[in-house]
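With the numbering used here applied, the sequence shown corresponds to residues 112 to 499, in that order.
Just below is one structure, and these are the notes that go with it.
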Amino acid sequence: MSKVLFINGPAEGHINPTLGLVHELIHRGEEVVYLAPTPFRRKIELTGAEFREFNSFYGKPDPGDLPGFLGMMRFLLRSADKVIHQAMELTTTERYDYVVHDAFFGWGALIAHLLKATSISSISTFAPVINSSMTGKDKSSTAQLEEIKQEMLKLSSRYGFSVSRIQDIMFNKGIMNLVYTSEYFQPHRHLFDETYHFVGPSIADREDAPDFTWSQLEGAKSIYISLGTISNDDRSFYEDCFKAFAEMPYRFVMSIGNKISESTLTGIPSNFILQPYTSQLEILKRADLFITHGGMNSVSEALYHDVPLIVIPQSADQPIVASRLEELGCGIKMSRQQATPEALRSTVNRVISNNAYKRNCSIVGETLRNAGGYKRAADLIMAMTKKR
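Spelled out as structure tokens, the structure:
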């Protein structure tokens, strides 16, 4: 039996893909400690892992930081000591065999080094292609880049860990890198070496899923609408959907989160079911179309069940995911500005009436289902630990 440390940040989309893997590792006899922010305690403890509160993250960006890649680098570097100190405080008296850290957490590989443990990177979206063009070429970029390089040298000296490339801060590569998609869906697959394993989405039943009366979906095509857990307070979008779809012969399930109350929304049609949260996996098993923000987990879960998508990306990796989806003919990408009631209605009709979208989703979905999921990820980890 190995002792395992998981480290993750404050985002559902980064924690949820690891839950099936954690449960599987525990089932195979591993002892798992999971460092994560307080709101994720319950879902992590349901896997059988020992939860430890890890709330010391990044604070607020400095107003003087440049936007984009370099600004994020400075932001992460300033957070390093605080984040590393708390992680070590929570773990330093124990011996860990390996550390599974989110690739975008910032300091997971360094913490694994300090714990003298093997570093395994958990990549919840597409494996990124990060290159020098992202740093910019103007004078302010050059000055900030030099400052970042100096901070990297100090950090390397302080912790005895080489941080030699600026992109290593933004993306923590491990001895093993687990990517929760398929080789087919991953853009530019040929650019990644043999340490990258494309294991597909971590699809597992969630014990914290809310109740839902499934008979409500009988007798009509079902369309699911969700903007995820971060940017789900777009009241005007919800009301645009009401206007767009009120007269359509479909059943709509809309997840609105907890930032907006159903009682404050106007014009809710009779063919809509609104809930703060839903059992997304169960709904997607029955859905004919998914209107989504384009988070990687949501898109993967839809494709896993061969469900076409209309994607309205908002931030982070969502535009990249939406573009790849559209490239493979699995759905349509729209900007929020384009998503008027008239455009939403016509786009839904276009996707629902064209079976090619469903067929293309089935092609991608098959590659995701055959990639192995959390069980293959566990196989890879167990095989690696036996060799080391």
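Don't be surprised by glycine CBs; every beta carbon is placed ideally from N, CA and C.
- Message: Could you tell me the alpha carbon to alpha carbon distance between residue 116 and residue 267, rounded to whole angstroms?
- Response: In the sequence shown, residue 116 corresponds to position 5, counting from 1. In the sequence shown, residue 267 corresponds to position 156, counting from 1. Cα to Cα, the separation comes out at about 23 Å.
- Query: How would you label residue 412, buried or exposed, when you count the other beta carbons within 10 angstroms and need 16 or more for buried?
  - Reply: Position 301 of the sequence shown, counting from 1, holds the residue named residue 412. Buried, by the Cβ-count rule.
- Query: Anyone know if the C-beta pair for residue 289 and residue 234 falls short of 8 Å?
  - Reply: To locate residue 289, count along the sequence shown from 1; it is residue 178. To locate residue 234, count along the sequence shown from 1; it is residue 123. Going by C-beta atoms, residue 289 is nearer than 8 Å to residue 234.
- Query: With burial defined as no fewer than 16 other Cβ atoms inside 10 Å of the residue's Cβ, what is the status of residue 184: buried or exposed?
  - Reply: Locating residue 184 in the sequence shown gives position 73, where the first residue counts as 1. So residue 184 ends up on the buried side.
- Query: Is the beta carbon of residue 201 less than 8 Å from the beta carbon of residue 163?
  - Reply: As a working note, residue 201 is residue 90 in the sequence shown. As a working note, residue 163 is residue 52 in the sequence shown. Cβ distance < 8 Å, so residue 201 and residue 163 count as in contact.
- In whole angstroms, what is the alpha-carbon distance linking residue 307 and residue 210? Sequence index remark: in the sequence shown, residue 307 carries index 196 (1-based). Sequence index remark: in the sequence shown, residue 210 carries index 99 (1-based). When rounded, the separation of the alpha-carbon atoms in residue 307 and residue 210 is 16 Å.
- To which residues does DSSP link residue 115 through a beta bridge? The residue labelled residue 115 in the question sits at position 4 within the sequence shown. Residue 115 is bridged to 143 and 209.
- Under 8 Å between the Cβ atoms of residue 140 and residue 112? Residue numbering aside, residue 140 sits at position 29 when the sequence shown is read from its first letter. Residue numbering aside, residue 112 sits at position 1 when the sequence shown is read from its first letter. Cβ distance < 8 Å, so residue 140 and residue 112 count as in contact.
- Message: Beta-carbon within less than 8 Å of residue 208's beta-carbon, same chain only, minus the 5 sequence neighbours each way: which residues are those?
- Response: Counted from its first residue, the sequence shown places residue 208 at position 97. Cβ neighbours of residue 208 within its own chain (closer than 8 Å, five residues either side excluded): 113, 114, 115, 228, 229 and 496.
- Message: Quick check on DSSP: helix, strand or coil for residue 230?
- Response: Residue numbering aside, residue 230 sits at position 119 when the sequence shown is read from its first letter. Residue 230: strand per DSSP, three-state reduction.
- Roughly how many angstroms separate the alpha carbons of residue 56 and residue 450, rounded to a whole number? Nothing can be reported for residue 56: it is not among the residues displayed for the chain, which extend from 112 to 499.
- Task: Flag this pair as yes or no: are the beta carbons of residue 135 and residue 388 separated by less than 8 Å?
- Result: As a first step, residue 135 is located in the sequence shown; it is residue number 24 there, counting from the start. As a first step, residue 388 is located in the sequence shown; it is residue number 277 there, counting from the start. Not in contact: residue 135 and residue 388 (Cβ atoms no closer than 8 Å).
- Taking the Cβ atom as the reference point for each residue, do residue 358 and residue 378 lie within a distance shorter than 8 Å? By 1-based counting over the sequence shown, the position of residue 358 is 247. By 1-based counting over the sequence shown, the position of residue 378 is 267. In this structure, the beta-carbon distance from residue 358 to residue 378 does not fall below 8 Å.
- Alpha carbon to alpha carbon, how far is residue 482 from residue 254? Counted from its first residue, the sequence shown places residue 482 at position 371. Counted from its first residue, the sequence shown places residue 254 at position 143. If I take the Cα positions, the gap works out to 44 Å.
- Query: Per DSSP, what kind of secondary structure is residue 429 in: helix, strand or coil?
  - Reply: In the sequence shown, the residue the question calls residue 429 occupies position 318. It is helical.
- Using a Cβ-Cβ cut-off of 8 Å (strictly less than) and excluding sequence neighbours within five positions of residue 346, which residues of its own chain qualify? Working through the sequence shown from its first residue, we reach residue 346 at position 235. Around residue 346: 371, 375 and 376.
- Message: Assuming residue 398 and residue 335 are in contact, meaning their beta carbons sit under 8 Å apart, how far apart are those beta carbons, in whole angstroms?
- Response: For this step, residue 398 is matched to residue 287 along the sequence shown. For this step, residue 335 is matched to residue 224 along the sequence shown. Sure, about 5 Å apart at Cβ, within 8 Å.
- For residue 420: DSSP bridge partner residues: If you number the sequence shown from 1, residue 420 lands on position 309. According to DSSP, which records beta bridges pairwise, residue 420 is partnered with 401 and 442.
- Query: Is it true that the stretch 282 to 297 meets the stretch 308 to 316, where meeting means three or more beta-carbon pairs spaced less than 8 Å apart?
  - Reply: yes
- Task: Pick out whichever of 309, 392, 225 and 352 has its Cα sitting closest to the Cα of residue 458.
- Result: Counting from 1 along the sequence shown, the entry for residue 458 is found at position 347. The residue with the shortest Cα to Cα distance from residue 458 is 352.
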